[in-house]
Every structure is written in C-alpha cells, then in structure tokens.
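So the structure is just underneath, and the comments pick up after that.
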Amino acid sequence: MSVELIIILSIIVLAILIYTFTYFTRKKHYERIDELDQSKKEKYTKIPSEKLLSLDKMMITGQSKEVADNVITDINVIEVEKLPIVESHLFDAEQATDRYRFNQSSQSELKAEQLLKEIEQSIVKATQKMDELLQREQANLRNIDSIKKRYHKVRKELLAKSFTFGESINRLEDELGTMEKLFTSFSDLTASGDHEEARKIVNQLENQLNQMADLMVSIPEINNKIENDYEEQLKEIEHAYESLIEKKYKFPENIDIKQKIANLTNEIKHLKDLLAELELEKIETEQLEVENNIDELYEAMEKEINAKKALEKLSRKIPKVIYYLLNESKELGLELDRIGQSYQLYQQENEKYLEMKSKVEEQEALVASLSEKIENNMIAYSVALETLQETFDNLEELSHSFTSLRETLYAYRDKEKEIKNDLEDMELSLREMKRYIQAKNLPGLPDDYLDLFFYTTDQLENLSTELARHKLDLEKVIKLYAICDEDVEHLADKTEEIVDNALLTELTSQRLYRYKEDYPEVIETIKYSESLFLDDYDYETSLKMVREKLEFIEPGAFESVRTLYKKETSK
Numbered sequence: 004m005s006v007e008l009i010i011i012l013s014i015i016v017l018a019i020l021i022y023t024f025t026y027f028t029r030k031k032h033y034e035r036i037d038e039l040d041q042s043k044k045e046k047y048t049k050i051p052s053e054k055l056l057s058l059d060k061m062m063i064t065g066q067s068k069e070v071a072d073n074v075i076t077d078i079n080v081i082e083v084e085k086l087p088i089v090e091s092h093l094f095d096a097e098q099a100t101d102r103y104r105f106n107q108s109s110q111s112e113l114k115a116e117q118l119l120k121e122i123e124q125s126i127v128k129a130t131q132k133m134d135e136l137l138q139r140e141q142a143n144l145r146n147i148d149s150i151k152k153r154y155h156k157v158r159k160e161l162l163a164k165s166f167t168f169g170e171s172i173n174r175l176e177d178e179l180g181t182m183e184k185l186f187t188s189f190s191d192l193t194a195s196g197d198h199e200e201a202r203k204i205v206n207q208l209e210n211q212l213n214q215m216a217d218l219m220v221s222i223p224e225i226n227n228k229i230e231n232d233y234e235e236q237l238k239e240i241e242h243a244y245e246s247l248i249e250k251k252y253k254f255p256e257n258i259d260i261k262q263k264i265a266n267l268t269n270e271i272k273h274l275k276d277l278l279a280e281l282e283l284e285k286i287e288t289e290q291l292e293v294e295n296n297i298d299e300l301y302e303a304m305e306k307e308i309n310a311k312k313a314l315e316k317l318s319r320k321i322p323k324v325i326y327y328l329l330n331e332s333k334e335l336g337l338e339l340d341r342i343g344q345s346y347q348l349y350q351q352e353n354e355k356y357l358e359m360k361s362k363v364e365e366q367e368a369l370v371a372s373l374s375e376k377i378e379n380n381m382i383a384y385s386v387a388l389e390t391l392q393e394t395f396d397n398l399e400e401l402s403h404s405f406t407s408l409r410e411t412l413y414a415y416r417d418k419e420k421e422i423k424n425d426l427e428d429m430e431l432s433l434r435e436m437k438r439y440i441q442a443k444n445l446p447g448l449p450d451d452y453l454d455l456f457f458y459t460t461d462q463l464e465n466l467s468t469e470l471a472r473h474k475l476d477l478e479k480v481i482k483l484y485a486i487c488d489e490d491v492e493h494l495a496d497k498t499e500e501i502v503d504n505a506l507l508t509e510l511t512s513q514r515l516y517r518y519k520e521d522y523p524e525v526i527e528t529i530k531y532s533e534s535l536f537l538d539d540y541d542y543e544t545s546l547k548m549v550r551e552k553l554e555f556i557e558p559g560a561f562e563s564v565r566t567l568y569k570k571e572t573s574k
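All letters in the sequence shown, in the order written, are residues 4 to 574 by the numbering used here.
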C-alpha cells in the first residue's frame, strides 16, 4: 500500500471521528436546551394566576396591602423579565450549538439553569405569601375567637378572686384594659383589610394572655406569703419584742431590734410595691432577704430567752464553785505554810498559790459585778451568759490548778520517804558488797576500788546528813540522791567485776597449766600473772595475761572456762 493511500485513509477516518463527535455533542446540547425549555414552560404553569387575581380583587390595606403589592410585583418580574431572559439564554445556546460553539452554549445553558432555580424559589415564596394573605382573615378570626374566650375566662377569674391578688389587682385590670384596646384595634384593622397588622395584634394578645395566666398563678402565692406569712410574722415579732422589753429583757448593743423591725416593715412594704407593679423577678430576690431577716429577729429573741434560762441555772452553780475554791485556797494556804516549815520549796509553789488565789478573787469580783448588772437590767442575758460561762471555765481550770499544787506539796513528803527508804537499801547494799568481797578471800583490793568504796560511803553519809536537817532542801537532796544511786550501782558493778576477774584468773591458770610440758613459756606466764594477782591486786591484767596465752594455745578455751564459771556461780 502506497503512502498516498494511507494518508487518504487516515484523513477519511479522522473526518468520520470528528463528524461523530460533533454530531453527538450537538445532540447532547440540543437535548439539554429542550429540557431547560420544558422547565421554563413548567414555570409558566406554576405561576398562581388565579390566586394572583383573587389577591388583586381583595379589599386590603396597610401592611397586608404592602405585602400583596410586593407579591404581585415579584410575579410580574418573573413573567415580564426573568422568564424572557431564560428564553434569551436558551436562544443563545441554540445559536451557539448550531455554530459548533459548544463552550458558549454551555455558559448560556448554565445561566438559564441558575435563573430557573431562582424563579422556582421566587414562585414558591410568592405562592406561600399569597396563601397566607388569602387565609389571613379567616385565621385571624379563628384565633381572635379563641383568645376572646380565654380573655373572658381570665377576666372572670380576676373579678371572682380579686382579694387573692392584693395590691397587684389594679395593674392586672390595667393589663385587661390594654387587651380590650387591642381587641378594638384588631376589629378596626380587620375591617380596613389590614390582616397582616391584625395578625400582629393577635400574636400580641396571645402573648399578653399567656403572661396574665402566669401572673395569676404566681401572684396569689406571693401575696399569700406576704400577707399571711411575712406580715403575720412581723406582728408576732413586734408583739414578742414588746413583751420581752416589758419583762426587762435587754439586747446586745450591736443588735438594734427596734431598727431591724423598722427595716423589715419597709422591706415588706417594698415587696407589696413590687407586686403592685408586677415586678416578680425582683420580688424573688428580695423575698429571700426578708425571710433571712425574719429568721435573724426570731433567733435574736430566742437567744435571749434561752440565755435567761441557762443563766439562771449557771448563776446558782457558780457561787458554789467560788465558795469551794475560796475554801480550797484557804486550806491550801495552811498546807503550804505547814509544808514550808519542813521543806525549802523550790518549784515556785508560793508564787503559783498567790496567783491562783488572786484569780479566784478576780472571778468572784467579776461574778458580783455581773450579777449587779443583771439585777439592774444593764446587760443582755446572752452577753452575761457568755461572760459567766467563760468565768465558769476559768474556775474549773483553777480547780485543776489547786489540785495539781496540792499534789505537788504532798509529793515533798512522799519523795522524802522514798529517798529515806532507798538510802537504807543503798547502805545495806554497801554492807552486803563488803561482806561478799571479803568472803572471796582475795589477797587484797585495788586502790581505785577502795577509793570508790569510801567515796560512795561518804556520799551516803552526806545524803543522810541532808535528810536529817530540820528544814529539808529537797532539791539538793534529790540531786545528791541521784549521785548516790549512780555511785552505788557503779560500785556494785566494780565489785562483781573484781570477783569475776579474780576467780576466772584462777580457773584459767589451772586450764593453762595443762600445757606446761608442751609450752615451756606457760610457767613464766602463770608466774607473772600470779605476781600481778598477789602483789598488785591487778586482777584484770592478771586475767588478761593467762587468757591471751590460753587462747593462743587453745583457741576458744577461755570461753569454755567462762561458761563453766557462770554455770557454777548461778547455782
């Protein structure tokens, strides 16, 4: 096949393809244009011409007339302007398609489609407004009839139960008068054909009736609370206050009951004023304040009544307590003097006693002054009770202090007896230690031990001398006693230590002597240890010598010797 033939065939195929594409594209645009044209015709049929004619013939005025004119204008715009524009867009699209200007055709189709959507929405809105306008009069009449029935029911109830509304009745009647004027306005607007404005009147009347219904539920409850609760409680408080004043009650200086009653009277009056003006939201807040103030007044008077009863009871009790403490103070003073003759007091007992005695006298004077004020009606019972209760607490604390001081004084004799008994025990211990160490037949005693023994003996003699004084310095005795007790205990330990060292030396030397054949130096060690034992009485070093040698030869042997020794001594 020649090149020329191939080129010719390619051109033919390309031409066929172009023709096919162009054909189907034009067909698609023509179909879309037909669809949009059909939609345009449907919009013509949806225009509510009959309703528009009926609306045009209606006798309407005011806002209704304005709404109707706007609807008619909107429909005319659709018919005269918007639909012809759609027709123009479709014509442009068809012309462009014929000339194979498919992009231009698409743009015109899109404009036509968007405008048709706007027309659809406008027709729907216009139709709704026409339906509302055509039905407005009947709807208004139905609603107003229902509202009138509710109005008459409310008016009847208001007249029948006017006493339950208190001072708000005038404003409620004014509200009914306002509604009557609205009914007249409704009739006038309906007669003139302004049904749209009449509809607003209907809505206003319905809202006002709803508010009236809420008020007629809330107001009787509030009015009842004011008249039957607050005002009655105020009268009761005033009567109770007058009664208490007649009975010579007095209130604390920081609580002016009379002024509080006057304030409460004004607050209740203000509540009634708010109710008369139908200010229910403000009333709710102020009601809580009124109730709190009423409670405070009741509590203030109840506090004084209860305080009087408690005060009478405490007033009978306190003099007995004071009498007891004065007597206790007198006896304690004698006891202090008696103990002071035998002992040098070192814990500020005299100062404490004088301070406590002074406090009792102060409390006695305070109670006397307070009793005079109560008798002459110069102080509130609650204030007096608080002061007297504090006095009672102070007296109780003083009673404990007297008891504590008495125990401190008695402790002087008890401590003296305890130390004397312990001194006898310590002297006996010293004698027993002496006999004990003598029974061991030791060759002698170390100098430091003898020094300690004699020093301890001297200390016990000093303690005995101090205890024998006519006026005992117990503080000094206690310190000396502590030293003696420590010295005797230390001496006892040293005694045991010397005896143990001496006896263990003998036992250890016997055990070590077994090894004299194998270890010639054993004899020398034993002799050296014996020299320390017999000549120097150094039992500790003597034991150390033989112990170390034994442990060197036979590790653990000394522990065995000591165990045996303890076993024997425990028997």
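The beta carbon of each residue, even a glycine, is placed where N, CA and C say it ideally should be. Remember, it's a predicted structure, so these values are computed and weren't measured experimentally.
Original post:
Apart from the five residues on each side of it in sequence, which residues of its chain come closer than 6 Å, Cβ to Cβ, to Asp232?
Top reply: none
Subject >> With 16 other Cβ atoms within 10 Å as the buried cut-off, status of Tyr415 >> reply: buried
**OP:** Locate the alpha helix (DSSP H) running through Asn1, then write down its first and last residues.
**Re:** With the chain covering only 4 through 574, there is no way to say anything about residue 1.
**OP:** Identify whether Tyr531 lies in helix, strand or coil by the three-state DSSP scheme.
**Re:** helix
**OP:** Return the residue from the list Asn504, Ala279 and Phe561 that minimises the CA-CA distance to Glu533.
**Re:** Asn504
**OP:** Could you check which residue in Val502, Arg550, Ser432 and Ser372 has the C-alpha nearest to that of Pro322?
**Re:** Ser372
Subject >> Contacting residues, own chain, Cβ-Cβ under 7 Å from Leu369 (five flanking each side not counted) >> reply: Thr394
**OP:** Below 8 Å on the Cβ atoms is my guess for Ile225 versus Leu278; work out the distance and round it to an integer in Å.
**Re:** 6 Å
Subject >> the stretch 279-296 contacting the stretch 350-370, beta-carbon criterion three pairs below 8 Å >> reply: no
Original post:
How far does the alpha helix (DSSP H) with Arg550 in it reach, from first residue to last?
Top reply: Tyr542 to Ile556
Original post:
Nearest to Thr484 by CA position, among Leu470, Val525 and Ala495, is which residue?
Top reply: Here residue 484 is Tyr; the residue named in the question, Thr, does not match the sequence. Selected option, being the one with the closest Cα: Leu470.
**OP:** Please report how far the alpha carbon of Met62 lies from the alpha carbon of Asn210, in whole angstroms.
**Re:** Note that Met62 scores 48 on pLDDT, short of 50, meaning its location in the model is unreliable; the coordinates nonetheless yield the value given after this. If you take the alpha carbons of Met62 and Asn210, they lie about 28 Å apart.
Original post:
Do you know whose CA, among Pro255, Ala313 and Gln117, lies nearest Leu300's CA?
Top reply: Pro255
Original post:
What did DSSP end up calling Met475 once you bin it into helix, strand or coil?
Top reply: Reading off the sequence shown, one finds Leu at residue 475, where the question assumed Met. Leu475 falls in the strand class under three-state DSSP.
Original post:
Which two residues bound the contiguous alpha helix (DSSP H) that contains Ile1?
Top reply: Outside the modelled stretch of the chain, which goes from 4 to 574, sits residue 1, for which no answer is possible.
Subject >> Glu354 beta carbon less than 8 Å from that of Leu412 >> reply: no
Original post:
Which class does Gln351 belong to by DSSP, given the choice of helix, strand or coil?
Top reply: coil
**OP:** Leaving aside the five residues before and after Val363 along the sequence, list all residues of the same chain whose C-beta is less than 8 Å from its C-beta, in chain order.
**Re:** Ile325, Leu328, Leu329, Ser332, Leu398 and Leu401
Original post:
Residues in its own chain within less than 8 Å of Glu554 by CB, not counting five upstream and five downstream?
Top reply: Ala560 and Phe561
**OP:** Leaving aside the five residues before and after Thr544 along the sequence, list all residues of the same chain whose C-beta is less than 7 Å from its C-beta, in chain order.
**Re:** Leu535
Original post:
If you draw a straight line from the alpha carbon of Lys497 to that of Thr468, how long is it in whole angstroms?
Top reply: 26 Å
Original post:
Does the Cβ of Lys60 have 16 or more other Cβ atoms within 10 Å, making it buried, or fewer, making it exposed?
Top reply: Caution is warranted here: a pLDDT of 49 is assigned to Lys60, below 50, making its placement in the model unreliable, and no coordinate value can be reported.
**OP:** Go to Glu256, then tell me how far its alpha helix (DSSP H) extends in each direction, as first and last residue.
**Re:** Glu256 -> no alpha helix (DSSP H), and no H or E assigned at all.
Original post:
Grouping DSSP H, G and I as helix and E and B as strand, with all else coil, what is Ala611?
Top reply: Beyond the ends of the chain as shown, which are 4 and 574, falls residue 611; an answer cannot be given.
Subject >> Residues near Glu234 by beta carbon distance below 8 Å, same chain, minus five either side >> reply: Ile271
**OP:** Report the option in Lys569, Arg565, Leu546 and Thr390 whose CA atom is closest to the CA atom of Ala310.
**Re:** Thr390
**OP:** Go ahead and pull the three-state DSSP assignment for Arg517.
**Re:** coil
**OP:** Rounded to whole angstroms, what's the CA-CA distance from Leu455 to Val480? Just pull it up for me.
**Re:** 21 Å
**OP:** Note the first and the last residue of the continuous alpha helix (DSSP H) segment covering Lys570.
**Re:** Ala560 to Ser573
Original post:
How is Asn266 classed by DSSP in three states: helix, strand or coil?
Top reply: helix
Subject >> Closest residue to Asp259 among Ser385, Ile529 and Ala303 (Cα-Cα distance) >> reply: Ala303
**OP:** If I'm right that Met429 touches Leu463 with Cβ under 8 Å, what's the distance once you round it to whole angstroms?
**Re:** 6 Å
Subject >> His493 versus Tyr458: straight-line alpha-carbon distance, rounded >> reply: 12 Å
**OP:** Decide if the stretch 438-450 is in contact with the stretch 373-382; the criterion is three or more beta carbon pairs, one per stretch, under 8 Å apart.
**Re:** no
Subject >> Short Cβ contact (8 Å threshold) for Ile297 with Gln392 >> reply: no
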